[in-house]
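What follows is one structure encoded as structure tokens, with my remarks underneath.
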Amino acid sequence: MSLVEPQTWREPVAAEVMRRIDVLAEVSETTGALTRRYLTPEHRRANDLVARWMAEAGMTARQDQAGNIVGRYDGIDDAAPCLMIGSHLDTVVNAGRFDGMLGVLSGIACVQILADTGRRMRYPIEVVGFADEEGVRFGTTYLGSQAIAGTLDPAKLSYRDAGGVSFRQALIDFGLDPDRIGEAARDRAKVRAFLELHIEQGPVLEALGRPVGVVTAINGQTRLAVTLSGEAGHAGTVPMSMRRDAMAAAAESVLAVETICGRQDGLVGTVGVLEIADAAINVVPGKVDFTVDLRAPGDAARASAVAAVTQAIQNAGQKRQVEARVSVIHEAASTACSQKMITVIEKAIAATGITPTQIPSGAGHDAAAMAGMCDVGMIFLRCDGGISHNPAERASQADVAAGIAVILRVLDALEA
Ligand code: GLV
Ligand code: MN
Ligand code: MN
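Reminder that position 340 of the sequence shown reads as 394 in the working numbering, one-by-one numbering, no gaps.
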């Protein structure tokens, strides 16, 4: 029996996913805008809500030692390796509401459909709400999925957020034991594959008029933390030739990122955070911290951009007697999705009546970290204008229904 006939489940189930996306969008650190960072009280509230929905769909839900929320729907053969379905529940600052949440809620919806029809797959299904994919709190990212994949470097426990709180302390404040974070790692032999449905965050599917596509690979990324230390001084009295202006060095560095990354197709670079210490209108900036996010489809291109940007920052500092410290806080190689999963997803898309489209992902995804432990596959869903990391981010209910239909067909195909 196919899971997707008859299709009467489609609209109510997709409508419920849309409603839950709106409910989760209210769980925010700020009123009127969605911001939900890792290990905050809002993270806990989101986990509690998702755990309730998992339980309603017939899953047993638990929070792991990294703060991921994991629901399990037993299989007929419960000793078989599970299929993990999921995405993330953390957000950027002033975020859209679909990025991440769509994949978690669609996974729960699929299990709900199985439970409502009294069906179990031969293999167990686990739906995961990953705790940290955006990495806006500690700069480094994939902390939740790396913990599950068993690749989280414990040295990251000493990373600090903008308020000076360490990752270690944030886990304690959240009620977790940092020394037990390794327990979140799953046995590779018990996980057969990971499947993630995510909005495309780009314009390709919309331009083609197709609701879903299949992801071929996820770009690698390097994140840098830069500190420029010059000397604070009086804006009226220090001659231009005698200044050690950290902000002028930062400005030159930012433009260097733009120039270096503009030279090569596919290479992108962003300075998303920049802070002048003790900023005041009449003070020559003595210290500036900023971040650099560099991505490319190829690891060699990214590595040479990292080297060029680092050199440009050092040069900008030297010119002004400003000391430049550049550290790599996140490094993820570009990751191919498994050919087996690409084929299964393409067939599922075609069987849903949609022409399959292969798309590489410029954005990072938990699937990149999960590829360290199992086969990964990703389905992209069309979003309005390709807009993301923006409160205007939207996807339609009909497209969400199509995404769910594709997941259900993938579940069927994996029975074989
Ligand atoms: C997450 O959305 C990222 O690509 O940084
Ligand atoms: Mn995302
Ligand atoms: Mn995102």
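Ideal placement from N, C-alpha and C gives every residue a C-beta, glycine not left out.
Specify, as a first and last residue, the run of the alpha helix (DSSP H) that residue i falls within.
{"i": "Val266", "result": "No alpha helix (DSSP H) holds Val266; the beta strand (DSSP E) holding it covers 266 to 272."}
{"i": "Pro95", "result": "95 to 110"}
{"i": "Leu348", "result": "From DSSP, Leu348 is part of no alpha helix (DSSP H) but of the beta strand (DSSP E) over 341 to 350."}
{"i": "Gln368", "result": "353 to 372"}
{"i": "Gln200", "result": "197 to 203"}
{"i": "Glu306", "result": "300 to 316"}
Going straight from the alpha carbon of residue i to that of residue j, what length do you get?
{"i": "Pro293", "j": "Ala302", "result": "14 Å"}
{"i": "Glu180", "j": "Thr270", "result": "23 Å"}
{"i": "Cys391", "j": "Gly418", "result": "13 Å"}
{"i": "Ser450", "j": "Asp170", "result": "24 Å"}
{"i": "Thr291", "j": "Tyr213", "result": "38 Å"}
{"i": "Pro60", "j": "Asp76", "result": "Note that Pro60 has pLDDT 47, beneath the 50 cutoff, so the model's placement of it is unreliable and the number below is only indicative. Computed Cα separation, rounded: 28 Å."}
{"i": "Met55", "j": "Gly172", "result": "Note that Met55 scores 46 on pLDDT, short of 50, meaning its location in the model is unreliable; the coordinates nonetheless yield the value given after this. When rounded, the distance between both Cα atoms is 13 Å."}
{"i": "Lys471", "j": "Trp107", "result": "The displayed coordinates of the chain run from 55 to 470. Any statement about residue 471 would go beyond what the structure contains."}
{"i": "Ala185", "j": "Val311", "result": "30 Å"}
{"i": "Asp466", "j": "Tyr177", "result": "11 Å"}
{"i": "Asp319", "j": "Phe228", "result": "42 Å"}
{"i": "Gly247", "j": "Gln393", "result": "Here residue 247 is Ala; the residue named in the question, Gly, does not match the sequence. Going by the C-alpha atoms only, they are around 12 Å apart."}
{"i": "Ile130", "j": "Arg174", "result": "6 Å"}
{"i": "Gln275", "j": "Asn148", "result": "22 Å"}
{"i": "Ala354", "j": "Leu321", "result": "11 Å"}
{"i": "Glu309", "j": "Thr324", "result": "This sequence places Leu at residue 309; Glu is not what is there. One C-alpha to the other measures close to 10 Å."}
{"i": "Thr313", "j": "Asp128", "result": "52 Å"}
{"i": "Arg474", "j": "Gly193", "result": "Here the chain has residues from 55 to 470 only, and residue 474 is not among them."}
{"i": "Arg240", "j": "Asn336", "result": "54 Å"}
{"i": "Ala472", "j": "Pro208", "result": "Since the first residue shown for the chain is 55 and the last is 470, residue 472 is missing from the structure and cannot be characterised."}
{"i": "Ser199", "j": "Tyr92", "result": "13 Å"}
{"i": "Ile167", "j": "Met424", "result": "25 Å"}
{"i": "Thr281", "j": "Leu328", "result": "10 Å"}
{"i": "Leu143", "j": "Val124", "result": "12 Å"}
{"i": "Ala331", "j": "Ala304", "result": "13 Å"}
{"i": "Ser295", "j": "Gln375", "result": "11 Å"}
{"i": "Val464", "j": "Ala455", "result": "14 Å"}
{"i": "Ala470", "j": "Asn101", "result": "33 Å"}
Need the endpoints of the beta strand (DSSP E) that residue i sits in, please.
{"i": "Ile383", "result": "377 to 386"}
{"i": "Met138", "result": "136 to 142"}
{"i": "Ala115", "result": "114 to 117"}
{"i": "Val292", "result": "Taken as a continuous stretch (DSSP letters only), Val292 belongs to no beta strand (DSSP E), as it is neither H nor E."}
{"i": "Glu329", "result": "328 to 330"}
{"i": "Ile123", "result": "123 to 127"}
{"i": "Thr85", "result": "From DSSP, Thr85 is part of no beta strand (DSSP E); its letter is neither H nor E."}
{"i": "Gly507", "result": "The structure shown does not extend to residue 507, since the chain is modelled only from 55 through 470, so no value can be given for it."}
Nearest CA to the CA of residue i: which residue from the options?
{"i": "Val380", "options": "Lys394, Leu251, Val346", "result": "Val346"}
{"i": "Ser82", "options": "Glu96, Gly371, Asp207, Leu465", "result": "Glu96"}
{"i": "Ala79", "options": "Ala446, Val460, Ala456", "result": "Ala446"}
{"i": "Gly86", "options": "Arg151, Leu468, Tyr127", "result": "Arg151"}
{"i": "Arg73", "options": "Leu156, Tyr92, Val245", "result": "Leu156"}
{"i": "Ala300", "options": "Gly121, Gly193, Ala370", "result": "Ala370"}
{"i": "Leu249", "options": "Tyr127, Met138, Asp132, Gly217", "result": "Met138"}
{"i": "Glu260", "options": "Asp453, Val308, Arg234", "result": "Asp453"}
{"i": "Phe344", "options": "Leu206, Ala134, Leu278", "result": "Leu278"}
{"i": "Gly439", "options": "Ile458, Pro257, Ile413, Ser160", "result": "Pro257"}
{"i": "Glu65", "options": "Ala224, Ala243, Val146, Ser160", "result": "Ser160"}
{"i": "Glu385", "options": "Thr364, Arg264, Ala357, Glu377", "result": "Ala357"}
{"i": "Ala224", "options": "Leu197, Asp241, Arg240, Arg317", "result": "Leu197"}
{"i": "Leu262", "options": "Met296, Ala361, Gly284, Ile408", "result": "Ile408"}
{"i": "Ser283", "options": "Arg463, Pro339, Asn101", "result": "Pro339"}
{"i": "Ile203", "options": "Val266, Ile399, Phe434, Asn122", "result": "The residue asked about is misnamed: residue 203 is Ala in this sequence, not Ile. When only C-alpha atoms are compared, the closest one is Asn122."}
{"i": "Arg191", "options": "Gly218, Val182, Ser388, Ala331", "result": "Gly218"}
{"i": "Glu285", "options": "Glu377, Asp102, Cys437, Ile413", "result": "Glu377"}
{"i": "Ser141", "options": "Lys210, Glu70, Val165, Gly154", "result": "Gly154"}
{"i": "Cys315", "options": "Asp429, Val342, Val363", "result": "Val363"}
On the premise that residue j lies in contact with residue i, defined as a C-beta separation below 8 Å, what is that separation, rounded to the nearest angstrom?
{"i": "Met432", "j": "Ser415", "result": "7 Å"}
{"i": "Gln119", "j": "Glu237", "result": "5 Å"}
{"i": "Val67", "j": "Ala163", "result": "5 Å"}
{"i": "Met427", "j": "Arg242", "result": "5 Å"}
{"i": "Val158", "j": "Glu188", "result": "Between Glu188 and Val158 the Cβ distance is about 14 Å, and since that is not below 8 Å, they are no contact."}
{"i": "Leu468", "j": "Glu254", "result": "With 8 Å as the limit, Leu468 and Glu254 do not qualify as a contact, their Cβ atoms being about 23 Å apart."}
{"i": "Asn14", "j": "Ser442", "result": "The structure shown does not extend to residue 14, since the chain spans only 55 to 470, so no value can be given for it."}
{"i": "Val182", "j": "Ile403", "result": "At roughly 23 Å, the Cβ-Cβ gap does not stay under 8 Å, so Val182 and Ile403 are not in contact."}
{"i": "Thr411", "j": "Val460", "result": "Contact doesn't hold; Cβ gap of about 12 Å is too wide."}
Verify the contact flag: residue i, CB atom, against every heavy atom of ligand 5, threshold strictly below 8 Å.
{"i": "His97", "result": "By its list of ligands, the structure shown excludes ligand 5, since it contains just ligand 1, ligand 2 and ligand 3."}
> Curious, which full-length beta strand (DSSP E) runs of at least 3 residues does the stretch 391 to 462 contain?
Replying inline: Segments of the beta strand (DSSP E) lying fully in the stretch 391 to 462: 412 to 415, 429 to 435.
>> Which complete alpha helix (DSSP H) runs does the stretch 229 to 264 hold, if anything under 4 residues is left out?
In response: The qualifying runs are 258 to 262.
>> Just to confirm the assignment: which complete beta strand (DSSP E) runs, minimum length 3, are found wholly within the stretch 163 to 221?
In response: You should have 179 to 184.
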